[in-house]
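Engineer:
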Amino acid sequence: MKTFVLIKPDAMKRKLEHVILNELKSLPCDITRIEEVIVKEDVILKHYHEVIVRLNLPGFKDIILNEFKDEKVLILECESDQDDLIARVREKIGATDPSLAHHSSIRGRYGEDSLTLAKASSRMIRNLIHASDSIEAAAFEIDLWFQ
Numbered sequence: 005m006k007t008f009v010l011i012k013p014d015a016m017k018r019k020l021e022h023v024i025l026n027e028l029k030s031l032p033c034d035i036t037r038i039e040e041v042i043v044k045e046d047v048i049l050k051h052y053h054e055v056i057v058r059l060n061l062p063g064f065k066d067i068i069l070n071e072f073k074d075e076k077v078l079i080l081e082c083e084s085d086q087d088d089l090i091a092r093v094r095e096k097i098g099a100t101d102p103s104l105a106h107h108s109s110i111r112g113r114y115g116e117d118s119l120t121l122a123k124a125s126s127r128m129i130r131n132l133i134h135a136s137d138s139i140e141a142a143a144f145e146i147d148l149w150f151q
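All you need for my numbering is the position in the sequence shown, starting with 1, plus 4.
(1) Between the Cα of Leu80 and the Cα atoms of Arg37, Glu71 and Asp117, which residue gives the shortest distance?
(2) Any idea what DSSP makes of Ala105, helix, strand or coil?
(3) Using C-beta distances below 7 Å, list every residue in its chain close to Lys76, excluding the 5 sequence neighbours before and after it, in chain order.
(4) Could you name the residues of the same chain whose beta carbon sits closer than 6 Å to that of Arg1, not counting the 5 residues immediately before and after it, in chain order?
(5) For Thr100 versus Ile139, is the C-beta distance shorter than 8 Å?
(6) Buried or exposed: where does Lys123 fall if 16 or more other Cβ atoms within 10 Å of its Cβ makes it buried?
(7) Tell me whether Ile38 counts as near the ligand FAD, meaning its Cβ is closer than 7 Å to at least one heavy atom of that ligand.
(8) On a Cα-Cα basis, can you pick out the residue from Gln86, Lys65 and Leu69 that is closest to Met5?
(9) Find out if the Cβ-Cβ distance for the pair Ser103, Ser126 is shorter than 8 Å.
(10) Report the residue ranges of all beta strand (DSSP E) runs contained in full by the region 5 to 91; include only those spanning at least 3 residues, in chain order.
(11) Rounded to the nearest angstrom, what separates Leu28 and Leu148 at their Cα positions?
(12) Is the CB-CB distance between Ile97 and Leu10 below 8 Å?
(13) Quick check on this structure: which residue in Tyr114, Ala91, Ala105 and Asp74 has the alpha carbon closest to the alpha carbon of Val23?
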């Protein structure tokens with residue numbers, strides 16, 4: 005089984021990428037590919053396409069671009085022979101809102117933001133890291149980002 009992980013610009017700016025990588029290395033998986041990339045507009049909009057359509061919020065596309073376009077991120081492909089890799093990675097990462105994430109998770113330990121603050125500032129939540137939520141999403145995101 006494979007999954008995709010993206011260490012977001014907020015984590016990169018805070019120089020947390022090595023700390024986060026060490027956290028991920030505690031999982032029963034191998035990081036089979038890793039690259040530092042500058043986010044391109046077309047890639048991030050394809051990545052968030054489903055969310056943009058589902059939420060249908062005015063200005064949301066610009067909010068995404070403000071957070072990601074031309075910023076550095078770290079992309080990872082993780083692999084394991086265990087069927088629950090995606091669930092394990094997502095558990096390790098923690099809840100989307102760092103203020104609600106378990107204290108032992110990556111977001112709970114290192115997160116400084118909340119959904120409330122992000123909404124009040126009309127920006128994306130700065131939650132350090134993204135991981136695929138399904139086998140299909142992982143395949144799509146791996147193909148999209150590792151071009």
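Where is the CB? At the ideal position from N, CA and C, for every residue including glycine.
Structural biologist: A quick look at the data gives this:
(1) Arg37
(2) coil
(3) Pro13, Met16, Glu40 and Ile42
(4) The structure shown does not extend to residue 1, since the chain spans only 5 to 151, so no value can be given for it.
(5) no
(6) exposed
(7) The ligand FAD is not part of this structure, which contains no ligands at all.
(8) Gln86
(9) no
(10) 6 to 11, 34 to 42 and 76 to 83
(11) 22 Å
(12) no
(13) Tyr114
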